[in-house]
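Residue numbers (the numbering used here): 16 to 241. All C-beta atoms in this analysis are idealised placements derived from N, C-alpha and C, irrespective of residue type, glycine included.
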Amino acid sequence: MFRILRVIALTILPSAAILPALAQHPAPGGMVSPPTHQHRFDDPKAWSRVFDDPARDKWQKPGEVIRTLALKPNDRVADIGAGTGYFAVRLARAVPEGTVFAADIAPKMVEHLGARAKAENLTNMRAVQAGEDSPRLPEPVDVILLVNTYHHIEKRADYFRKLKASLKPGGRVAIIDFKLDAPQGPPKRTRISAERITAEMKQAGYALARAHGILPHQNFLIFKPI
Ligand SMILES: C[S@@+](CC[C@H](N)C(=O)[O-])C[C@H]1O[C@@H](n2cnc3c(N)ncnc32)[C@H](O)[C@@H]1O
Numbered sequence: 016m017f018r019i020l021r022v023i024a025l026t027i028l029p030s031a032a033i034l035p036a037l038a039q040h041p042a043p044g045g046m047v048s049p050p051t052h053q054h055r056f057d058d059p060k061a062w063s064r065v066f067d068d069p070a071r072d073k074w075q076k077p078g079e080v081i082r083t084l085a086l087k088p089n090d091r092v093a094d095i096g097a098g099t100g101y102f103a104v105r106l107a108r109a110v111p112e113g114t115v116f117a118a119d120i121a122p123k124m125v126e127h128l129g130a131r132a133k134a135e136n137l138t139n140m141r142a143v144q145a146g147e148d149s150p151r152l153p154e155p156v157d158v159i160l161l162v163n164t165y166h167h168i169e170k171r172a173d174y175f176r177k178l179k180a181s182l183k184p185g186g187r188v189a190i191i192d193f194k195l196d197a198p199q200g201p202p203k204r205t206r207i208s209a210e211r212i213t214a215e216m217k218q219a220g221y222a223l224a225r226a227h228g229i230l231p232h233q234n235f236l237i238f239k240p241i
């Protein structure tokens, strides 16, 4: 019974949970961008059952993603929209001499991230309260990762243009977000194609450096400031 509920949660919850409020946002250049996907992420315990479900590892491949990022042990990394810490805790272990800033806009998630870092003795992981227009990182970083968060961000061209100031020289932005035809993920009308992400990032002043094809359901794109 529990197994069945878990499967339902994994497939349905990300698309139908907790009061989705959708709004249409005109993109710079007159194009109409897909509606930003908004959930209320104020129940970390409930979301943890979805985000931290071990069954997710099979398609999310967190180890392979982190290996692909080729981090140095002393890198500084930001996980924007860190949620319950699925990637942030793994990143913290991957950069034992570095720092991971686990930033989220939902105060309850930030609280949860701080508690999780403490409980798992990850002294190099710091929870950060993000704002709508900026993750409010305390210092520039080598890598900024956004997993399943890009489509939640409003006014993306402005957001990412400003975010350049939070990248160290040679820094990268890695965006992982659901493909248009993925069998799970947010509502299809809120998903953003790889081409569109690339065009939006270009508007914000970045060039696509790599598109990794290792994830079955998500695009995995690396951008560098131009
Ligand atoms: C679908 S969850 C993904 C969580 C995590 N990255 C993962 O893959 O398990 C999206 C997260 O992004 C956060 N979020 C939404 N908009 C944000 C913004 N503008 N800045 C930072 N976090 C944001 C939400 O609060 C939520 O925790």
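HIS232 carries a coil assignment under DSSP once its states are collapsed to helix, strand and coil. By the beta-carbon neighbour count (other beta carbons within 10 angstroms, threshold 16), ASN163 is buried.
Counting only residues of its own chain and dropping the five nearest sequence neighbours on each side, ILE207 has a CB closer than 7 angstroms to the CB of PRO49, TYR165, HIS166 and ASP192.
Using a Cβ distance threshold of 9 angstroms, ILE95 and PRO150 count as a contacting pair.
C-alpha of ALA93 to C-alpha of LYS194: approximately 23 angstroms in a straight line. Relative to ligand 1, the beta carbon of PRO153 is positioned no closer than 8 angstroms to any heavy atom. A direct Cα-Cα distance of roughly 29 angstroms separates TRP74 from THR138. Judged by DSSP secondary structure, HIS227 falls within the beta strand (DSSP E) whose first and last residues are 221-227. In the three-state reduction of the DSSP assignment, VAL162 falls in the strand class, which pools E and B.
Contact between the stretch 96-108 and the stretch 127-142 is present: 3 or more CB-CB pairs across the two stretches fall below 8 angstroms. When DSSP states are grouped into helix, strand and coil, GLN199 belongs to the coil group.
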